[in-house]
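Novice: For reference, the structure I am asking about is given below.
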Amino acid sequence: MSKFKLPALSALPKPVKIVLWVLVALLAYALPLLEPPFITTPGVDFGGVLFVVTMYCLIALGLNIVVGYAGLLDLGYVGFYAVGAYTAAILTSFHANWPLLLALPVAVLASTISGVLLGAPTLRVRGDYLAIVTLGFGEIIRLIAVNTEWLGERRGISNVARPPSLGGTEGWFEIPHLYWGDGSVLLDTQDTTKFLVFGVLDQIPYYWMGLTVVILMLFADYLVKDSRVGRAWEATREDEDAAELMGVPTFRFKLLAFASGAFVGGLAGALYASRQNFINPDSFLLLFSILFLAAVVVGGQGNRWGVMVGAVLVAYLPQRFREFDDFRVLVFGLALVLLAILRPEGLFPPRRTVRAKQLEQELEVLEEGTEGEEDARV
Amino acid sequence: MLVSDARILEVDQLTLRFGGLTALDNISFHINEGEILGLIGPNGAGKTTCFNAITGVYKPTSGAILFQGESLVGKKRFEITQGGIARTFQNIRLFPTMTALENVLIGADAQHSTGILSALFRLPKHRREEAAGHQLAMELLGFMGLAKQADELAANLSYGDQRRLEIARAMATQPKLICLDEPAAGFNPQEKRVLMDLIRKVRDQGFTVLLIEHDMRLVMGVTDRIIVLEFGKKIADGTPAEVRDNPAVIAAYLGVEEEDAS
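The listed protein sequences derive, respectively, from chains A and B.
Note that our numbering has the first sequence beginning at 1, numbered continuously upward.
Note that our numbering has the second sequence beginning at 1001, numbered continuously upward.
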């Protein structure tokens, strides 16, 4: 196993780092236009896959606040995603005719409130109990949708509003894609993306929107983590009783983590509903809660970059290798088992976890010969 | 009820029962502002239980606990800490994945109120509290001789440093009363002497100290007054010299302890 250390990168001066990050971001934005071979998904619209990847990234970042930072095991995260999606769908299509940009804040507010309502009574229980309660919540939300006529029952809701296009149906300008021929790369003027038209066929603008939200979310995540709030979450996760006795109102901070997670989940749900144009209860199966959690755990809970990698793996790989569709779940299961054995903290655990783990191993080696000493210390 | 200005904490007829077991039986004592009060007694005498009752971990079955004239019974644990009582733990309970500095910052955060919006938009409140917290934390780490280890993970610190870090974290909550639960446990005599000086220095900074300790020499050397518990009852109360000569204390505690010590 290699150690993921980037001393050379982190030692660079700040302006260079900023330039590098901007380049990385530009590359990410340009990815669906470049359509690089091997990365591009055969048989599936690449832009659409990338959009779903950004949604998984967003969800992983949100769930990471709950699971990774505050240490609350949430198995019903899809519930918040559903609340956001249904609120957006109801307000823009089913019962009202709001524009998406107006419905979006309401959808996010609704999912945040649902997070507070679920958290207020349940965050008093810990660990496994919380997992079971949240598991139930996710299913309850879906079953309500299935059985309520007002929510469209099994038929679902169609014609969810799309985001407003800039510059009408033609957009301001068109951006050609690249065409990768045999040994030559051409600008393909037949295959263009209109800037910035949220239409039916071309899904690249949705990807740009999703990526922008993810980048904003990364900044927000960093700012909150590096503050009294982030510290309080971490202390609560490490030792709830000690944190409480050190003056941390742990219940309030757990509720805040839950509400923040629900906020992000609802946002992702509303954006997904808008892009999909159609939702029904099958979009919010328990399986998705598990996939979301898998993204967080596989990537390395508590590390925002780790969980994003996890989200990319969970969302992208099955689309890229669709020909192995039948084996998807099998491979996924095998990968999880291997991961649990080889890297139980995920692919990219937070740097501090790595440091603590290394010390633990060093201590173990030292202690093998001097077990008596350890007894004295405890 | 007697509440003078000098009495920072007043415990009045405190009783705590767990089912049929009476852990604390009608205990009354007080702590004067600025003193170091020792709380001693054999294992299982109820010292830590008494701590837990004061810091809100256990609710008293009956009796009153007044801190600066205000009742602590029924208050939440974090409210008691924010109100000015901090403690350390008999078994070290630091936040292992956080750095020494962050551990102390958690303490400093007790007096702060930065919320998610202040943090998200880097409002002046966040900046002010963060700067003040860092300054206080670094001062305390320096005071405890841990300044060099500020960025080391708490889990990676040596045992003694972890004990000192716990005291720094408690002091960072800016308490009036600081409760140390066997801070010298596991120390050798030399380390104990250093810690004794440190506790005196903590008091000289204006903190009142309540100290649970097994080591009689440490307790005698550093405290102003001593309370002795046995089987949940208070059996003695007085200056170290008085307590040392109290026959009940000798019978209950000192005789046994000195055999052990030699």
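Yeah, the Cβ is synthetic: ideal placement off N, Cα and C, and Gly gets one too.
What you are looking at is a predicted structure, and each value in this text was computed from that prediction instead of being measured.
1. Could you give the first and the last residue of the continuous beta strand (DSSP E) run that contains Val1073 (chain B)?
2. Extract the residue ranges of the beta strand (DSSP E) inside the stretch 278-305 of chain A, only unbroken runs of 3 or more that lie entirely within it.
3. Hey, quick one: how far does the beta strand (DSSP E) through Tyr179 (chain A) stretch, first residue to last?
4. Which of the three DSSP states is assigned to Glu1230 (chain B) in this structure?
5. Determine, using beta carbons only, whether Ala257 (chain A) comes closer than 7 Å to chain B.
6. Can you name, in chain order, every residue of its own chain whose Cβ lies under 7 Å from the Cβ of Ala1248 (chain B), other than the five neighbours on each side?
7. Suppose only complete runs of 4+ residues qualify. What are the alpha helix (DSSP H) ranges in the stretch 78-121 of chain A, listed by chain order?
8. What ranges does the alpha helix (DSSP H) occupy inside the stretch 217-265 of chain A, keeping only unbroken runs of at least 4 residues that lie completely in it?
9. Please name the residue or residues paired with Asn1103 (chain B) in a DSSP beta bridge.
10. Output the boundary residues of the alpha helix (DSSP H) element that contains Glu1047 (chain B).
11. Leaving aside the five residues before and after Thr1061 (chain B) along the sequence, list all residues of the same chain whose C-beta is less than 6 Å from its C-beta, in chain order.
12. Contact defined as beta carbons within less than 8 Å: I believe Ile1036 (chain B) pairs with Ile1085 (chain B). What is the distance between those atoms, to the nearest angstrom?
13. Is Asn1043 (chain B) buried or exposed, if buried means 16 or more other CB atoms sit within 10 Å of its CB?
14. Please check if any C-beta of chain C sits within less than 7 Å of the C-beta of Ser114 (chain A).
15. Assign Lys1201 (chain B) to one of two classes, buried (16 or more other C-beta atoms within 10 Å of its C-beta) or exposed (fewer than that).
16. Using CA atoms only, rank isn't needed, just tell me which of B:Leu1094, B:Gly1038 and B:Ala1168 is closest to Glu240 (chain A).
17. Report the rounded CA-to-CA distance for Gly386 (chain A) versus Glu139 (chain A), giving the unit in angstroms.
18. Can you find a C-beta in chain A that's less than 7 Å from the C-beta of Gly1084 (chain B)?
19. Residues in the same chain with beta-carbon distance under 6 Å from Leu1066 (chain B), minus the five sequence neighbours each way, listed in chain order, please.
20. Contact criterion: CB-CB distance below 7 Å. Does Arg1093 (chain B) meet it with respect to chain A?
21. Determine, using beta-carbon pairs with one atom in the stretch 226-235 of chain A and one in the stretch 1104-1122 of chain B, whether at least three such pairs fall under 8 Å.
22. Under the DSSP definition of a beta bridge, which residues are partnered with Asn1246 (chain B)?
23. Which of the three DSSP states is assigned to Pro15 (chain A) in this structure?
24. What residues from chain B crowd round Arg124 (chain A), counting only those whose CB sits closer than 7 Å?
25. Can you give me the start and stop residues for the beta strand (DSSP E) that Thr192 (chain A) sits inside?
26. For my contact list, Ser114 (chain A) and Val146 (chain A) are in at a C-beta cut-off of 8 Å; report their separation, rounded to the angstrom.
27. Look up Val324 (chain A) in the DSSP assignment and say whether it is helix, strand or coil.
28. Using beta-carbon positions only, say whether Trp233 (chain A) and Ala268 (chain A) come within less than 7 Å of one another.
29. Using DSSP with H/G/I as helix, E/B as strand and the rest coil, what is Gln1174 (chain B)?
30. Quick one: list the residues of chain B neighbouring Ala60 (chain A), beta-carbon separation under 9 Å, in chain order.
31. Count the other CB atoms, across all protein chains shown, that sit within 10 Å of the CB of Asn1103 (chain B); report buried if there are 16 or more and exposed otherwise.
32. When you compare the CB of Arg1127 (chain B) with every CB in chain A, is at least one pair closer than 7 Å?
33. When you compare the CB positions of Ala1110 (chain B) and Leu1140 (chain B), do they come within less than 7 Å of one another, or not?
34. Buried or exposed: where does Trp172 (chain A) fall if 16 or more other Cβ atoms within 10 Å of its Cβ makes it buried?
35. Nearest chain B C-beta to Val229 (chain A) closer than 7 Å, yes or no?
36. Along chain A, which residues have their Cβ under 8 Å away from the Cβ of Asp1109 (chain B)?
Specialist: In short, the structure shows the following:
1. Against the second sequence, residue 1073 (chain B) aligns to sequence position 73. Segment: none, Val1073 (chain B) is in no beta strand (DSSP E) and carries neither H nor E.
2. none
3. Along the first sequence, read from residue 1 onward, the residue named residue 179 (chain A) stands at position 179. Phe173 to Trp180 is the extent of the beta strand (DSSP E) around Tyr179 (chain A).
4. Looking up residue 1230 (chain B) in the second sequence gives position 230. In this structure, Glu1230 (chain B) counts as strand in the three-state DSSP scheme.
5. The residue given as residue 257 (chain A) occupies position 257 in the first sequence. It does not; no Cβ of chain B falls within 7 Å.
6. Residue numbering aside, residue 1248 (chain B) sits at position 248 when the second sequence is read from its first letter. Correct list, in chain order: Ile1235 and Ala1236.
7. 78-89
8. 228-238 and 240-245
9. Taking the first residue of the second sequence as 1, we reach residue 1103 (chain B) at position 103. In the DSSP output, where bridge partners are listed per residue, Asn1103 (chain B) has none listed.
10. Working through the second sequence from its first residue, we reach residue 1047 (chain B) at position 47. This sequence places Lys at residue 1047 (chain B); Glu is not what is there. Run containing Lys1047 (chain B): Lys1047 to Ile1054, per the alpha helix (DSSP H) assignment.
11. The residue you call residue 1061 (chain B) lines up with position 61 of the second sequence. Cβ within range, chain order: Thr1015, Leu1016 and Arg1017.
12. Here residue 1036 (chain B) corresponds to residue number 36 of the second sequence, with the count starting at 1. Here residue 1085 (chain B) corresponds to residue number 85 of the second sequence, with the count starting at 1. With 8 Å as the limit, Ile1036 (chain B) and Ile1085 (chain B) do not qualify as a contact, their Cβ atoms being about 15 Å apart.
13. Counting from 1 along the second sequence, the entry for residue 1043 (chain B) is found at position 43. It counts as exposed.
14. No chain C appears in this structure, whose protein chains are A and B.
15. Reading the second sequence from its first residue, position 201 is the one you call residue 1201 (chain B). Classification of Lys1201 (chain B): exposed, given that the 10 Å Cβ count is below 16.
16. Position 240 of the first sequence, counted from the start, is the residue given in the question as residue 240 (chain A). Minimum Cα distance to Glu240 (chain A) is reached at B:Leu1094.
17. Here chain A covers residues 1 to 378 and nothing more, so residue 386 (chain A) does not appear.
18. Position 84 of the second sequence, counted from the start, is the residue given in the question as residue 1084 (chain B). It does not; no Cβ of chain A falls within 7 Å.
19. Walking along the second sequence from the start, residue 1066 (chain B) turns up at place 66. Only Glu1010 meet the Cβ criterion.
20. Numbered from 1 along the second sequence, position 93 holds the residue referred to as residue 1093 (chain B). Answer yes: the Cβ-Cβ gap between Arg1093 (chain B) and chain A drops below 7 Å somewhere.
21. yes
22. The residue given as residue 1246 (chain B) occupies position 246 in the second sequence. Answer is none; Asn1246 (chain B) lacks a bridge partner.
23. Working through the first sequence from its first residue, we reach residue 15 (chain A) at position 15. In the structure shown, Pro15 (chain A) sits in a helix (DSSP, three-state: H, G or I).
24. Along the first sequence, read from residue 1 onward, the residue named residue 124 (chain A) stands at position 124. In chain order: nothing, as chain B lies at least about 13 Å away.
25. Residue numbering aside, residue 192 (chain A) sits at position 192 when the first sequence is read from its first letter. Val185 to Phe195 is the extent of the beta strand (DSSP E) around Thr192 (chain A).
26. Here residue 114 (chain A) refers to the residue found at position 114 when the first sequence is read from its first residue. Here residue 146 (chain A) refers to the residue found at position 146 when the first sequence is read from its first residue. The pair is not a contact, with the Cβ atoms about 17 Å apart (cut-off 8 Å).
27. Within the first sequence, the letter at position 324 stands for residue 324 (chain A). Going by the sequence as given, residue 324 (chain A) is Phe instead of Val. Reduced to three states, the DSSP call for Phe324 (chain A) is helix.
28. As a working note, residue 233 (chain A) is residue 233 in the first sequence. As a working note, residue 268 (chain A) is residue 268 in the first sequence. No, the pair does not count as a contact, with Cβ atoms beyond the cut-off.
29. Taking the second sequence and counting its residues from 1, one reaches residue 1174 (chain B) at position 174. Coil, per DSSP.
30. Numbered from 1 along the first sequence, position 60 holds the residue referred to as residue 60 (chain A). Those do not exist, as Ala60 (chain A) stays about 19 Å from chain B at its closest Cβ, beyond 9 Å.
31. As a working mapping, residue 1103 (chain B) is identified with position 103 in the second sequence. Classification of Asn1103 (chain B): buried, given that the 10 Å Cβ count is 16 or more.
32. Locating residue 1127 (chain B) in the second sequence gives position 127, where the first residue counts as 1. No - not a single Cβ of chain A is within 7 Å of the one on Arg1127 (chain B).
33. Walking along the second sequence from the start, residue 1110 (chain B) turns up at place 110. Walking along the second sequence from the start, residue 1140 (chain B) turns up at place 140. Against a cut-off of 7 Å, the Cβ pair of Leu1140 (chain B) and Ala1110 (chain B) comes out as no contact.
34. Locating residue 172 (chain A) in the first sequence gives position 172, counting from the first residue. Classification for Trp172 (chain A): exposed.
35. Indexing the first sequence from 1 puts residue 229 (chain A) at position 229. So, interface residue.
36. As a first step, residue 1109 (chain B) must be located in the second sequence, where it is residue number 109. By Cβ distance, chain A contributes Arg228, Arg231, Ala232, Gly247 and Val248.
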